[in-house]
Amino acid sequence: MNTTTASLIATTDWSPLVLSLQVAAVATLLALVVGVALGWVFARKQFVGSGVLEAVFMLPLVLPPTVIGYAILVAAGRRSPLGAWLREHFDYTLIFSWHGAVVASAVVALPLVLKSASAAFSNVDRSLEAAASTLRQSPLSVFLRVTLPLAWPGILAGTLLAFARAMGEFGASLMVAGSIPKQTQTLSMAIYDAVQSGHDDLALLLVVVTSVLSIAVLVVSNRFFSLR
């Protein structure tokens, strides 16, 4: 490592990295809870319109991130009924806060957890669940002791992909949370701002850090996919 690189690392503001990890962790947790629940429903329950409903939840995979950001603004912006209610009763707004980045990241990461969970639940041997049921186990007990442990490798693999997706989220988060230094500026936004301001060395450093983190997550995720 040469002197210039060492100096750049020492003088770089690493708050975007910390914020990115914080946003990605919370967003992934939200996506995990919702994705596992929806994945189980779509894997085990057949009802009219289930295919269409699943497609709606999968839309963030194919829609432009700006469309997702706009939808969140419409649903929870300051002029929306929800946004106005939150502002009036709690003096709180989702817009231009790191919570907004969490919501945007969770929405775009959700399909990865949902699809992985649905596939994992579908591959669970139903005869094992039936055997557990004969031992006077409640449906919840069967789910927690049999279904979830068997499906967990696939769910965890999808969750790691969701974390990587949340780490790299840009378009939707930018529309909802903006790029406020030390408040809502994540790694992806910091890279964009560095390029726009002509700080190519800083942009390259942040790209390398982001790539290393993403590769590490993908390697671990592939490991869990191999266990399915």
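Counting along the sequence shown from 1, when you hit position 8 you're at 157 in the working numbering, and nothing is skipped either side.
Yeah, the Cβ is synthetic: ideal placement off N, Cα and C, and Gly gets one too.
Can you tell me whether D342 is helix, strand or coil according to DSSP? Three-state result, D342: helix.
The region 303-313 in contact with the region 230-250 per 3-pair CB rule at 8 Å: Contact between the region 303-313 and the region 230-250 is absent, because fewer than three Cβ pairs lie under 8 Å.
Just the C-alpha distance for G327 and R294, rounded to the nearest angstrom, thanks. So the alpha carbons of these two residues sit roughly 43 Å apart.
Taking the beta carbon of W163 as the centre, do at least 16 other beta carbons fall within 10 Å, making it buried, or is it exposed? It counts as exposed.
Provide the residue span of the alpha helix (DSSP H) that contains Q195, from first to last. Element bounds for Q195: n/a, residue is neither H nor E.
Whole-angstrom C-beta distance between S346 and F319, which should lie under 8 Å: Wrong, their Cβ atoms sit about 17 Å apart, outside the cutoff.
Does the distance from the CB of A313 to the CB of A269 come in under 8 Å? No.
Which residue marks the beginning of the alpha helix (DSSP H) containing G320, and which one marks its end? Residue range G320 to A326 is occupied by the alpha helix (DSSP H) that includes G320.
Entirely within the region 248-309 and at least 4 residues each: give me those alpha helix (DSSP H) ranges in chain order. Taken in chain order, the complete alpha helix (DSSP H) segments of 4 or more residues contained in the region 248-309 are 275-282 and 288-291.
The alpha helix (DSSP H) spanning P214 covers which residue range? Taken as a continuous stretch (DSSP letters only), the alpha helix (DSSP H) holding P214 covers P214 to A225.
Does the distance from the C-beta atom of A258 to that of G218 stay below 8 Å? At least 8 Å separates the beta-carbon of A258 from that of G218.
Would P165 pass as a contact of Q334 if the rule is Cβ separation under 8 Å? Their beta carbons are under 8 Å apart, which means P165 touches Q334 by this criterion.
Of all the options G317, S370, A280 and Q332, which has the alpha carbon lying nearest to the alpha carbon of V357? Restricting attention to G317, S370, A280 and Q332, the CA atom closest to the CA of V357 is found in G317.
Taking three-plus beta-carbon pairs below 8 Å as touching, is the region 198-210 in contact with the region 273-286? Cβ pair count under 8 Å is below three, so no.
Using 8 Å as the limit for Cβ to Cβ distance, is L263 near chain B? Protein chains in the displayed structure number just one, and chain B is not present.
Can you give me the start and stop residues for the alpha helix (DSSP H) that L202 sits inside? Taken as a continuous stretch (DSSP letters only), the alpha helix (DSSP H) holding L202 covers S199 to M207.
Using CA atoms only, rank isn't needed, just tell me which of F292, D350, L362 and H348 is closest to A315. Distance check between A315 and each of F292, D350, L362 and H348 places L362 closest, using alpha-carbon atoms only.
Nearest candidate by alpha-carbon position, reference S265, set S360, P302, D342 and V366: Nearest of S360, P302, D342 and V366 to S265, Cα basis: P302.
For I158, count neighbouring Cβ atoms within 10 angstroms of its own Cβ and tell me buried if that reaches 16, exposed if not. Exposed, since its Cβ has fewer than 16 Cβ neighbours within 10 Å.
With C-beta atoms as the reference, is T215 less than 8 Å away from R227? Not closer than 8 Å, so no.
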